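The listed protein sequences derive, respectively, from chains V and Z. Positions 1 to 115 (the numbering used here) are the ones given, in order, by the first sequence. Positions 116 to 228 (the numbering used here) are the ones given, in order, by the second sequence.
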Amino acid sequence: GENVEQHPSTLSVQEGDSAVIKCTYSDSASNYFPWYKQELGKRPQLIIDIRSNVGEKKDQRIAVTLNKTAKHFSLHITETQPEDSAVYFCAASKAGGTSYGKLTFGQGTILTVHP
Amino acid sequence: EAGVAQSPRYKIIEKRQSVAFWCNPISGHATLYWYQQILGQGPKLLIQFQNNGVVDDSQLPKDRFSAERLKGVDSTLKIQPAKLEDSAVYLCASSLYYHYEQYFGPGTRLTVT
Numbered sequence: 001g002e003n004v005e006q007h008p009s010t011l012s013v014q015e016g017d018s019a020v021i022k023c024t025y026s027d028s029a030s031n032y033f034p035w036y037k038q039e040l041g042k043r044p045q046l047i048i049d050i051r052s053n054v055g056e057k058k059d060q061r062i063a064v065t066l067n068k069t070a071k072h073f074s075l076h077i078t079e080t081q082p083e084d085s086a087v088y089f090c091a092a093s094k095a096g097g098t099s100y101g102k103l104t105f106g107q108g109t110i111l112t113v114h115p
Numbered sequence: 116e117a118g119v120a121q122s123p124r125y126k127i128i129e130k131r132q133s134v135a136f137w138c139n140p141i142s143g144h145a146t147l148y149w150y151q152q153i154l155g156q157g158p159k160l161l162i163q164f165q166n167n168g169v170v171d172d173s174q175l176p177k178d179r180f181s182a183e184r185l186k187g188v189d190s191t192l193k194i195q196p197a198k199l200e201d202s203a204v205y206l207c208a209s210s211l212y213y214h215y216e217q218y219f220g221p222g223t224r225l226t227v228t
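Next up, the structure:
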């Protein structure tokens with residue numbers, strides 16, 4: 001089955017700096033890659049996603065890049081703010097044949113933004 | 116629109132007892148998922164329903180876990196008997212269809228003593 005590796009496990013930055021979190025996946029057939037933000041004691045919330053037919057997607061201060069050849073994708077947060085502090089999870093899935101879009105999550109990155 | 120609802124929010128039981136969790140997905144969502152999230156880890160899919168049929172239960176410990184989705188709407192997840200290692204947050208999620216954005220509920224925090 002699919003395996004998703006996420007790095008780093010913890011990331012500490014100063015307010016205003018950029019943060020980058022990287023994930024690699026094992027199944028070359030995976031074609032959907034969402035990123036979730038989970039604040040302490042709360043539900044995961046989708047912040048951005050990308051499908052395999054595009055290489056990059058942006059939404060204000062957040063961007064995701066995908067390299068299908070290398071089987072890795074990254075989350076980029078610019079101009080970080082203290083409210084960006086949370087755990088971030090990447091995930092991968094595929095659909096088609098006997099696959100129904102099961103999400104496999106990475107281990108998570110604890111992002112701390114210091115004021 | 117109303118989000119995914121789950122109950123109870125917290126549950127403490129002793130090992131070998133049974134427990135059930137309930138989920139009400141977003142109206143109109145055909146796909147429903149149950150995840151187990153152990154502290155410090157990412158969510159792990161236990162079972163996925165498409166309408167009221169199971170499409171993936173490959174990671175569900177079927178000797179103790181069971182789930183159903185009646186009439187393709189609400190769902191219940193049951194553990195019987197519970198083990199210490201079942202202590203986790205159980206998240207329910209739904210999506211319009213499979214491979215679409217998944218919306219998560221608030222989760223049920225289970226502690227098995």
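We treat Cβ as the ideally placed atom computed from N, Cα and C, and that holds for glycine. Model, not experiment: these values are computed from the prediction.
Rounded to the nearest angstrom, how far is the Cβ of residue i from that of residue j, given a contact under 8 Å?
i: residue 131 of chain Z; j: residue 197 of chain Z; result: 7 Å
i: residue 47 of chain V; j: residue 62 of chain V; result: 6 Å
i: residue 65 of chain V; j: residue 52 of chain V; result: Not quite, the Cβ-Cβ distance comes to about 12 Å (not below 8 Å), so this is no contact.
i: residue 6 of chain V; j: residue 107 of chain V; result: 5 Å
i: residue 160 of chain Z; j: residue 103 of chain V; result: 6 Å
Among the candidates the options, whose CA atom is the shortest distance from the CA of residue i?
i: residue 101 of chain V; options: Z:138, Z:128, Z:136, Z:146; result: Z:146
i: residue 148 of chain V; options: V:81, V:34, V:114, V:77; result: Shown here, chain V extends from 1 to 115; a query on residue 148 of chain V therefore has no answer.
i: residue 141 of chain Z; options: Z:119, Z:194, Z:153; result: Z:119
i: residue 219 of chain Z; options: Z:185, Z:133, Z:152; result: Z:152
i: residue 154 of chain Z; options: Z:201, Z:211, Z:216, Z:215; result: Z:201
i: residue 90 of chain V; options: Z:170, Z:157, Z:162; result: Z:157
i: residue 105 of chain V; options: Z:150, Z:173, Z:117; result: Z:150
i: residue 214 of chain Z; options: Z:165, Z:182, Z:124, Z:129; result: Z:165
i: residue 70 of chain V; options: V:28, V:110, V:115; result: V:28
i: residue 110 of chain V; options: V:96, V:103, V:82, V:99; result: V:82
Per the DSSP calculation, residue i is bridged to which residue(s)?
i: residue 22 of chain V; result: V:7, V:74
i: residue 29 of chain V; result: Answer is none; residue 29 of chain V lacks a bridge partner.
i: residue 99 of chain V; result: V:96
i: residue 57 of chain V; result: V:64
i: residue 125 of chain Z; result: Z:224
i: residue 14 of chain V; result: V:114
i: residue 82 of chain V; result: Answer is none; residue 82 of chain V lacks a bridge partner.
i: residue 146 of chain Z; result: Z:165, Z:210
i: residue 87 of chain V; result: V:38, V:110
Taking 7 Å as the limit between beta carbons, can you name the residues of its chain near residue i, skipping five residues before and five after?
i: residue 127 of chain Z; result: 226, 228
i: residue 30 of chain V; result: 2, 92, 93, 94
i: residue 79 of chain V; result: 16, 61
i: residue 195 of chain Z; result: 133, 179
i: residue 68 of chain V; result: 52
For residue i, I'd like the list of residues in its chain whose CB is within less than 6 Å of its CB, leaving aside the five on either flank, ordered along the chain.
i: residue 167 of chain Z; result: 184, 187
i: residue 136 of chain Z; result: 192, 205, 223
i: residue 190 of chain Z; result: 138, 147, 184
i: residue 76 of chain V; result: 20, 63
i: residue 171 of chain Z; result: 163
i: residue 122 of chain Z; result: 137
Less than 8 Å between C-beta atoms, sequence neighbours within five positions excluded: which residues of the same chain meet that for residue i?
i: residue 143 of chain Z; result: 211
i: residue 18 of chain V; result: 76, 77, 78, 79, 80
i: residue 216 of chain Z; result: 210
_Any contact between the region 11-25 of chain V and the region 200-212 of chain Z? By contact I mean 3 or more CB pairs, one from each, below 8 Å._
no
*Any chance the region 40-58 of chain V sits against the region 6-21 of chain V, with 3 or more Cβ pairs inside 8 Å?*
no
*Counting pairs of Cβ atoms below 8 Å between the region 36-51 of chain V and the region 80-94 of chain V, do you hit three or more?*
yes
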